[in-house]
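Visitor: Can you read through this structure? Questions will come right after.
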Amino acid sequence: MGSHLRIGGLGHIALQYAKAMGLNVVAVDISDEKIDLAKQLGADIAINGLKEDPVEAIHQKVGGVHAAISVAVTKKAFEQAYKSVRRGGCLVVVGLPNDELPIPIFDTVLNGITVKGSIVGTRKDMQEALDFAAKGKVRPIVETAPLEKINEVFERMEKGKINGRVVLTIGINR
């Protein structure tokens, strides 16, 4: 499959899986805090998309990625992920934006790019994921907050201020 993988958005888990599989990782985000997290988690290259064009940077640094996983829900992130893939590479779309995602058919065919959609993996993928977690190779970042703070949590989420996941707790035993 190659050795470079681009990850953005939900990437803290995907980044750890990629590193556990021995891949080189190019992480892209628009938050310095998440870029720092990506570096801490082992990203080989971390690019802030607000400070430099991620497509240009990826092609300059590694000649394009072999595979890109698009977990962000914006059209722009999808387009950047697609354009960061090298000839013969693959784009896996996981995020579900509320917009049409244009795929340039001419470039896709000419460059032999594969585009796949994925909401879940195979049973083998699940077993591999569980094995990585059991061996401590993947550690999700999870924070808890009481249900009463749901509005604050959603506000932070909309601003991209959550690293990892937030679990809302219900009841008195939190």
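For the sequence shown, position 31 matches number 120 in my numbering, and the numbering has no gaps at all.
Think of the CB as a built atom: it goes at the ideal place given N, C-alpha and C, for glycine as much as any other residue.
1. Would N113 and D142 be called neighbours here (beta carbons separated by less than 8 Å)?
2. Give the single residue among E232, V117, M215 whose Cα lies nearest to the Cα of E168.
3. Count the other CB atoms, across all protein chains shown, that sit within 10 Å of the CB of L104; report buried if there are 16 or more and exposed otherwise.
4. Starting from the C-beta of I239, find all residues in its chain whose C-beta is less than 8 Å away, skip the five residues before and the five after it, and write them out in chain order.
5. Using 10 angstroms around the beta-carbon of K108, count the other beta-carbons present and answer buried if the total reaches 16, otherwise exposed.
6. Identify, in the order they occur along the chain, each residue of the same chain with its Cβ nearer than 8 Å to the Cβ of A234, setting aside the five sequence neighbours on each side.
7. Any idea what DSSP makes of V255, helix, strand or coil?
8. Name the two residues that bound the continuous beta strand (DSSP E) containing V154.
9. Check A132 in the structure and name its three-state DSSP category.
10. On the DSSP letters alone, give me the boundaries of the beta strand (DSSP E) that P235 sits inside.
11. What distance in whole Å lies between the Cβ atoms of L139 and S159, which are believed to be in contact at a cut-off of 8 Å?
12. The alpha helix (DSSP H) with N240 in it runs from where to where?
Guide: Quick answer:
1. Here residue 113 corresponds to residue number 24 of the sequence shown, with the count starting at 1. Here residue 142 corresponds to residue number 53 of the sequence shown, with the count starting at 1. No, the pair does not count as a contact, with Cβ atoms beyond the cut-off.
2. The residue labelled residue 168 in the question sits at position 79 within the sequence shown. When only C-alpha atoms are compared, the closest one is V117.
3. Indexing the sequence shown from 1 puts residue 104 at position 15. Counting Cβ neighbours within 10 Å, L104 comes out buried, since at least 16 surround it.
4. In the sequence shown, residue 239 corresponds to position 150, counting from 1. Excluding residues within five positions, the ones whose Cβ falls inside 8 Å are L257.
5. Within the sequence shown, the letter at position 19 stands for residue 108. Burial of K108 is indicated by the presence of at least 16 other C-beta atoms within 10 angstroms of its C-beta.
6. Position 145 of the sequence shown, counting from 1, holds the residue named residue 234. Counting only Cβ-Cβ distances below 8 Å, and skipping sequence neighbours, we find E241, V242, V255, V256, L257, T258.
7. Numbered from its first residue, the sequence shown carries residue 255 at position 166. Here V255 sits in strand by DSSP.
8. If you number the sequence shown from 1, residue 154 lands on position 65. Where V154 is concerned, the enclosing beta strand (DSSP E) stretches over 154-159.
9. Counting from 1 along the sequence shown, the entry for residue 132 is found at position 43. Note: A132 maps to coil in three-state DSSP.
10. Taking the sequence shown and counting its residues from 1, the one referred to as residue 235 is at position 146. In the DSSP assignment, P235 falls within the unbroken beta strand (DSSP E) covering 231-235.
11. For the purposes of this step, residue 159 is taken as the residue at position 70 of the sequence shown. For the purposes of this step, residue 139 is taken as the residue at position 50 of the sequence shown. Not a contact, Cβ separation roughly 18 Å.
12. For the purposes of this step, residue 240 is identified with residue 151 of the sequence shown, where counting begins at 1. Run containing N240: 239-247, per the alpha helix (DSSP H) assignment.
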